[in-house]
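Residue numbers for the sequence shown follow our numbering, beginning at 793 and rising by one. C-beta atoms are modelled at their ideal positions from N, C-alpha and C, and glycine is treated no differently. Computed from a prediction, not measured in an experiment: that's the story for all the values here.
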Amino acid sequence: MNDCFRTDAQVELPAMVHARGCRCALHSRRLFTGGLIAAASLPALAREGVDVGKQSSFTKLVSADQIEQAAAAQYGQMRQEAASKKALAPDNHPQLIRLRAIAQRIIPHTYEWNERARNWKWEVNLIGSKEINAFCMPGGKIAFYYGILQQLQLNDDEVAMIMGHEAAHALREHARERMGKTAATRIGAGVVSALLGLGSTGDSLLNMGGQLLTLKFSREDESEADLIGIELAARAGYDPAAGVTLWQKMAEASKGAPPQFISTHPSGPTRIKDIQDNLPKVQPLYQRAPRPTQRFEPPKKA
Ligand SMILES: [Zn+2]
């Protein structure tokens, strides 16, 4: 490691922001920018891969543009804070090069799940914290914490599973859905005016971004993200069976104090089984996918 990047910073970073994706898949995409309109559901077409159903109608209550702007503001703030603590990995850090190489392979496969993703300014950063954490905020803002790579000794396939899982939250707009539910149940709260665009100042964007950080995913969201995640990774040439070893490692790591990642990603005991049951749907995609030209090692154990 060099002098300008420490990997043990106590950074007051936003908790986890799992990107919240849309529930769109091929079936109910938002096809426009900037309004509250959502495309009507189209008939489901048979497709190869996992089946996660249609997107929640709650996503319509908050505009995708606003959520993405709020996420970008929050992400920028987090990046700055990390940098001020020398906990933002430089572009030449081997683990950051690794994360970006894996993201490069996955991103082209995201467009099928959410057309907006094609125009997202995707970013991948590595945060020098021991915490076991990773996220993808709305709009494709990805961060991995050093701790998740080092403590879990993740191989490339497992990194791809996490990245696919996190990207799936963003693609299916789970944050937007959750905020839509908040708006529907807490009318009158100040946050609602921000949500509904009544005060789209920089401040309210940040407030909204802050809210993104405390949102937890439901089990349904988790299950969707798992399935879409293994498919994205399989199409990108990463072994979807790593979805199983990843969650086994995560469960092992949760035995002491559960990592942040687990607290924002609640899951039931059936998670690993659900992934296993869905492997046959994505194995053919993996078999046909071009393999990554380069493989990387995890960081040395502390
Ligand atoms: Zn999740």
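Give me the DSSP bridge partner(s) of residue i.
i       : result
Ala-926 : Phe-936
Val-916 : Ile-934
Leu-880 : Ile-919
Glu-907 : DSSP, once it has assigned bridges, lists no residue as partnering Glu-907.
Under 8 Å between the Cβ atoms of residue i and residue j?
i        : j        : result
Lys-877  : Asp-800  : no
Val-951  : Ala-1026 : no
Asp-883  : Pro-1084 : no
Phe-1053 : Gly-920  : no
Gln-847  : Arg-964  : yes
Ile-899  : Trp-914  : yes
Whole-angstrom Cβ separation of residue i and residue j, contact assumed at under 8 Å?
i        : j        : result
Ala-856  : Thr-902  : Contact doesn't hold; Cβ gap of about 14 Å is too wide.
Asn-1070 : Leu-1038 : At roughly 14 Å, the Cβ-Cβ gap does not stay under 8 Å, so Asn-1070 and Leu-1038 are not in contact.
Lys-1008 : Pro-1050 : Not a contact, Cβ separation roughly 13 Å.
Lys-1093 : Gln-887  : That belief does not hold up - the Cβ atoms of Lys-1093 and Gln-887 are roughly 14 Å apart, past 8 Å.
Ile-1022 : Ile-954  : With 8 Å as the limit, Ile-1022 and Ile-954 do not qualify as a contact, their Cβ atoms being about 11 Å apart.
Ala-863  : Met-971  : About 11 Å; that fails the 8 Å criterion.
Val-916  : Leu-880  : The pair is not a contact, with the Cβ atoms about 12 Å apart (cut-off 8 Å).
Ala-956  : Glu-860  : Ala is not the amino acid found at residue 956; the sequence shown has Gly there. Not really, about 20 Å apart at Cβ, beyond 8 Å.
Glu-1016 : Val-844  : 5 Å
Ala-1043 : Ile-924  : Not quite, the Cβ-Cβ distance comes to about 12 Å (not below 8 Å), so this is no contact.
Leu-941  : Pro-1091 : 6 Å
Taking the alpha carbon of residue i as the reference point, which residue from the options has its own alpha carbon closest?
i        : options                                   : result
Gly-939  : Leu-1024, Ser-1015 and Leu-918            : Leu-918
Lys-933  : Ala-962, Asn-906 and Ile-954              : Ala-962
Leu-1103 : Arg-964, Glu-1089, Ala-1028 and Phe-1053  : Lying before the first or after the last residue shown, residue 1103 is absent from the chain, which here runs from 793 to 1094.
Gln-943  : Lys-1041, Glu-1014 and Gln-896            : Lys-1041
Tyr-1030 : Pro-1090, Gln-802, Gly-845 and Arg-897    : Arg-897
Glu-840  : Pro-1091, Pro-1072 and Ala-935            : Pro-1072
Arg-968  : Phe-936, Tyr-937, Ala-926 and Asp-1013    : Asp-1013
Gln-802  : Met-870, Gln-858, Ser-1055 and His-966    : Met-870
Ala-1081 : Lys-1065, Leu-1024, Arg-908 and Glu-904   : Leu-1024
Gly-868  : Ala-935, Arg-910 and Asn-911              : Ala-935
Ala-874  : Gln-1079, Gln-858, Ala-1033 and Tyr-937   : Tyr-937
Arg-1063 : Asn-906, Val-1036 and Arg-910             : Val-1036
Ala-1033 : Ile-889, Ala-909 and Lys-1065             : Lys-1065
Ala-926  : Phe-1088, Glu-1089, Gln-1079 and Thr-1056 : Thr-1056
Glu-1089 : His-885, Asn-911, Asn-906 and Gln-872     : His-885
Val-842  : Ala-865, Trp-905, Gln-858 and Ile-889     : Trp-905
Thr-1086 : Arg-910, Ile-889 and Asn-911              : Note on residue identity: the sequence assigns Gln, not Thr, to residue 1086. Comparing Cα-Cα distances from Gln-1086 to each of Arg-910, Ile-889 and Asn-911, the minimum goes to Ile-889.
Under 7 Å: does the beta carbon of residue i sit that close to some heavy atom of ligand 1?
i        : result
Phe-936  : no
Ala-1045 : no
Ala-959  : no
Ala-1017 : yes
Glu-1014 : yes
Phe-797  : no
Phe-1088 : no
His-901  : no
His-885  : no
Between residue i and chain D, is the shortest Cβ-Cβ distance under 8 Å, so that the two count as touching?
i        : result
Glu-1014 : Chain labels in this structure do not include chain D; a single protein chain is all it has.
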